[in-house]
Amino acid sequence: MNRKQWLITGIVILMIFSAFAMYKKIISADKTYSFEELSGKEAMDRIKKKENMILLYSSKDCKACRVFSPILENVAKDFNVKIYLLDADKQSTEKIATAYNLYVTPTILSFKQGSVDRYENARGEQEVRDIVKKWSE
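Under full-length UniProt numbering, residues 1 to 137 are what the sequence shown spells out, in order.
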């Protein structure tokens, strides 16, 4: 190969490497939502006090959670409702996960007047609106 071909090949390889690096950065970006994170103990204390709240059990590695979280965040803002986050990746949430059989992410637990409703897996916006509306009534 002549010098021009080497130069073009090098530029193409550099462009491919750069595109891959940017893609990895975008995919691994840790988007932080406006959910207040609770430890398992804090959540259990609130449950024992029969506080009304919506908990999102979620994991940073869960692709469905990354799709679902912005939907839940937007709906919560529309209804002026605070969402609390239980991070499935943290050891401090193990006891509450066991107590409420939390094995699927994302899972919403909505506590109201001592009772709990459970919604597993990602949901569409209208279904999330219905869940939050039911809780806020």
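Virtual Cβ for every residue (Gly too), placed ideally from N, Cα, C.
Fill in: Three-state secondary structure assigned by DSSP to F63
Position 63 of the sequence shown, counted from the first residue, corresponds to residue 63. In the sequence under discussion, the amino acid at residue 63 is Lys, which differs from the Phe named in the question. Note: K63 maps to helix in three-state DSSP.
Practice prompt. Measure the CB-CB distance between L38 and L109 and report whether it falls below 8 Å.
Written response: Position 38 of the sequence shown, counting from 1, holds the residue named residue 38. Position 109 of the sequence shown, counting from 1, holds the residue named residue 109. Not in contact: L38 and L109 (Cβ atoms no closer than 8 Å).
Item to complete: Pair every Cβ in the stretch 87-100 with every Cβ in the stretch 57-66, then say whether three or more of these pairs are closer than 8 Å.
Response: Yes, they touch.
Worksheet entry | Among G114, R123 and I83, the one whose alpha carbon lies nearest that of K50 | The residue given as residue 50 occupies position 50 in the sequence shown. Of the candidates G114, R123 and I83, the one whose C-alpha sits nearest the C-alpha of K50 is G114.
Discussion item. Quick check on the burial criterion: 16 or more other C-beta atoms within 10 angstroms. Buried or exposed for P106?
Written reply: Working through the sequence shown from its first residue, we reach residue 106 at position 106. With 16 or more Cβ atoms within 10 Å of its Cβ, P106 is classed as buried.
Practice prompt. Pull up the distance between the alpha-carbon of P70 and that of I8, whole angstroms please.
Written response: Locating residue 70 in the sequence shown gives position 70, where the first residue counts as 1. Locating residue 8 in the sequence shown gives position 8, where the first residue counts as 1. If you draw a straight line from the Cα of P70 to the Cα of I8, it is about 42 Å long.
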